[in-house]
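One structure below.
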Amino acid sequence: MSLTPAFLDELRARTLLSALVGKTVKLTKAGREFKGCCPFHSEKTPSFYVNDDKSFYHCFGCSAHGDAIRWMTEQQGLPFIDAVKELAQAAGMEMPAQDRQSVERAERAKGLHDLMADAAQFFTDQLNGIAGA
């Protein structure tokens with residue numbers, strides 16, 4: 001699946017960020033923006049702002065900053081591609097079709113991921129064996 005910058009820009013433009021963030025953060029209108037207490041750190045005075053015109057959020061307390069996709073990955077814990085799929089579905093957009101190269105790249109990456117997981121497990125077992133000796 002090839003996600004072009006144009007597709008991602010269109011997705012961001014079609015996503016009302018204040019509505020997305022407002023599902024989990026109590027936001028109040030502040031001029032052209034919305035403000036609320038930051039979900040990334042504890043605070044009593046709101047320093048977290050959401051700007052729908054620019055399609056980003058920013059916290060002046062902890063410097064958290066991002067767009068709708070980043071919000072989904074950080075707050076919902078979704079992988080990037082799942083965040084894009086969920087936002088695209090909500091925006092009524094079709095995901096781009098997978099091309100052959102993307103499928104091959106994903107299969108190769110999965111194989112490497114599995115290999116790394118096996119290696120990590122091997123070394124964890126070895127270290128646990130040393131600790132138990």
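In this text, residue positions in the sequence shown follow our numbering: the first is 1, and each later residue adds one. Cβ coordinates follow ideal geometry from the N, Cα and C atoms, glycine included. Because the structure is a prediction, the values reported are computed rather than measured.
According to DSSP, is HIS58 part of a helix, a strand, or is it coil?
In the sequence shown, counting from the first residue as 1, residue 58 sits at position 58. Note: HIS58 maps to strand in three-state DSSP.
Of all the options ASP82, ASP67 and ASP114, which has the alpha carbon lying nearest to the alpha carbon of MET95?
The residue labelled residue 95 in the question sits at position 95 within the sequence shown. Among ASP82, ASP67 and ASP114, the Cα nearest to that of MET95 belongs to ASP82.
Whole angstroms is fine: what's the gap from LEU78's alpha carbon to GLY66's?
In the sequence shown, residue 78 corresponds to position 78, counting from 1. In the sequence shown, residue 66 corresponds to position 66, counting from 1. Between LEU78 and GLY66, the C-alpha separation is close to 15 Å.
Following the continuous beta strand (DSSP E) through LYS35, name the residue where it begins and the one where it ends.
The count along the sequence shown starts at 1 and reaches residue 35 at position 35. It spans 33-36 - the beta strand (DSSP E) in which LYS35 sits, taken as one unbroken run.
Going by DSSP in three states, PHE7 sits in which element: helix, strand or coil?
For the purposes of this step, residue 7 is identified with residue 7 of the sequence shown, where counting begins at 1. PHE7: helix per DSSP, three-state reduction.
With respect to the alpha helix (DSSP H) encompassing PHE80, which residues constitute its N-terminal and C-terminal limits?
Position 80 of the sequence shown holds residue 80. Looking at the DSSP string, the run of the alpha helix (DSSP H) that includes PHE80 is 80-91.
Buried or exposed (CB count within 10 angstroms, at least 16 for buried), ILE69
On the sequence shown, residue 69 is found 69 positions in, with the first residue counted as 1. The residue is buried, with at least 16 neighbouring Cβ atoms inside 10 Å.
Local conformation of ALA97 per DSSP, three classes
In the sequence shown, residue 97 corresponds to position 97, counting from 1. Three-state result, ALA97: coil.
Out of PRO46, ALA30, GLU43 and CYS38, which has the shortest C-alpha to C-alpha gap to ASP52?
By one-based count along the sequence shown, residue 52 stands at place 52. For ASP52, the nearest C-alpha among the options comes from ALA30.
LYS26: which of GLN98, LEU115, LYS44 and ALA13 sits nearest, CA to CA?
Here the question's residue 26 lines up with position 26 in the sequence shown. Ranking GLN98, LEU115, LYS44 and ALA13 by Cα distance to LYS26 puts LYS44 first.
Which residues mark the beginning and the end of the beta strand (DSSP E) in which ALA30 is found?
As a position in the sequence shown, residue 30 is number 30, starting the count at 1. Start and end: 28-30.
For GLY22, name the three-state secondary structure that DSSP assigns.
As a working mapping, residue 22 is identified with position 22 in the sequence shown. Three-state DSSP puts GLY22 in coil, outside helix and strand.
Got a sec? Which residues, its chain only, sit under 7 Å from CYS38 by beta carbon, not counting five neighbours each side?
The residue given as residue 38 occupies position 38 in the sequence shown. Excluding positions up to five away in sequence, the list reads SER47, PHE48, CYS59, GLY61, CYS62 and ALA64.
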